[in-house]
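Take 400 as the starting number for the sequence shown in the numbering used here and just add one per residue.
Just below is one structure, and these are the notes that go with it.
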Amino acid sequence: MGTAPVEDAGWQRIAARIAPVTRICLYDRAGLGSSDRSPEPIRTSLDAANDLHAVLQEAGVRGPFLLVGHSIGGLHAQVFASRFPVDTAGLVLVSSTHPDQMTTWLAMLPSARPGEEKPLTDVRTFLSAMIEDPNRNEERLDWRASAAAARQLKTLGDKPVIVATHSQRFRMVPGLSEPLAIRLEESSQRMQKQFLTLSFNAHQNIAATAGHGLPHEAPEFVVDNILQGVAAVRAQGSTGRTQPTR
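Structure follows, in structure tokens:
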């Protein structure tokens, strides 16, 4: 959230590694980078999906597309796949946000009490604001509506889904007590594994040490996962089931 991939050095390096293999497009969501700010006061993942579909049409880029989404971009990619299944060849979910993520994490936190550790207060405040108040996140995203839209994606059949997951060593909130931090990460890993149910042709790869910022912490890992997705889509194309992403 808040990252403009077109201008981002990490994503530029990843794109340069993919470009010799297949056409790759980076784009900035509304209000990020060089993209115009959206006139709507509040945004949803469906808005993001509709915008992406429109800009691809305007640019004359033909699908179907292998969608690569990191973090909240992964949530938007899930909504795109649900809204535009014919235009979706597959998904590469890079430490992707899960539609149940915010509410699951919030429910796992203990009730507020005087004198509690600051990281605990901070994460509770962040999650509550993310769920309840779109005006308090960088992209004015309505979390509840976006998560509900992502849950509409039930299956992609046998279209490839590559789940690129951050390391189990990652701690979402630095300074949080280790027992609670471990429980939160265990729930994150369970939700990441749930993405495998989206397709009969799904594969998960887990980074050895890199955290949530995979495009910057482990760009080669991200490249490998994207290329795995490209190869899987092309393998289906050779059997006449799904067209390649060229």
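Idealized CB from N, CA, C, for every residue including glycine.
Predicted model, so just to flag it, every value in this text is computed and none were measured.
Let's see if you can read the secondary structure: which residues bound the alpha helix (DSSP H) around residue i?
i: Val-572; result: First-last for Val-572: undefined, no H or E at that position.
i: Glu-615; result: As written in the sequence, residue 615 is His, which differs from the Glu given in the question. 613-616 is the span of the alpha helix (DSSP H), which, as asked, contains His-615.
i: His-565; result: Neither: His-565 is in no alpha helix (DSSP H) and is coded neither H nor E.
i: Ala-453; result: 444-458
i: Ile-441; result: Per DSSP, Ile-441 belongs to no alpha helix (DSSP H) and is neither H nor E.
i: Ala-528; result: 517-531
Is the Cβ-Cβ distance between residue i and residue j less than 8 angstroms?
i: Asp-446; j: Ser-434; result: no
i: Ala-480; j: Leu-465; result: no
i: Met-571; j: Met-529; result: no
i: Pro-578; j: Pro-518; result: no
i: Ser-538; j: Gly-430; result: Per the sequence shown, residue 538 should be read as Glu rather than Ser. Yes. Within cutoff.
i: Ala-403; j: Gly-432; result: yes
i: Pro-463; j: Val-478; result: no
i: Arg-442; j: Leu-540; result: yes
With DSSP run on the structure shown, which of helix, strand or coil describes residue i?
i: His-469; result: strand
i: Leu-490; result: strand
i: Pro-419; result: coil
i: His-497; result: coil
i: Phe-483; result: coil
i: Ala-429; result: coil
Buried or exposed: which applies to residue i, given that a residue is buried once 16 or more other Cβ atoms fall within 10 Å of its Cβ?
i: Asn-534; result: exposed
i: Asn-604; result: exposed
i: Val-560; result: buried
i: Thr-644; result: Note that Thr-644 scores a pLDDT of 36, beneath 50, so its modelled location is shaky and nothing firm can be said.
i: Val-460; result: exposed
Residue i lies in the beta strand (DSSP E); which residues open and close that run?
i: Gln-551; result: Gln-551 -> no beta strand (DSSP E), and no H or E assigned at all.
i: Ala-506; result: Where Ala-506 is concerned, there is no enclosing beta strand (DSSP E), although the alpha helix (DSSP H) it sits in stretches over 500-507.
i: Asn-604; result: 601-605
Would the region 598-607 count as touching the region 547-556 if we require 3 or more Cβ pairs under 8 angstroms?
A contact exists between the region 598-607 and the region 547-556.
Report yes or no: do three or more beta-carbon pairs, one from the region 484-492 and one from the region 566-579, lie closer than 8 angstroms?
They do not touch, by the three-pair rule.
Would the region 475-489 count as touching the region 618-632 if we require 3 or more Cβ pairs under 8 angstroms?
Under the Cβ criterion (8 angstroms, minimum of three pairs), the region 475-489 counts as touching the region 618-632.
Sufficient close CB pairs (3 or more, under 8 angstroms) joining the region 496-510 to the region 469-479
Under the three-pair Cβ rule at 8 angstroms, the region 496-510 counts as touching the region 469-479.
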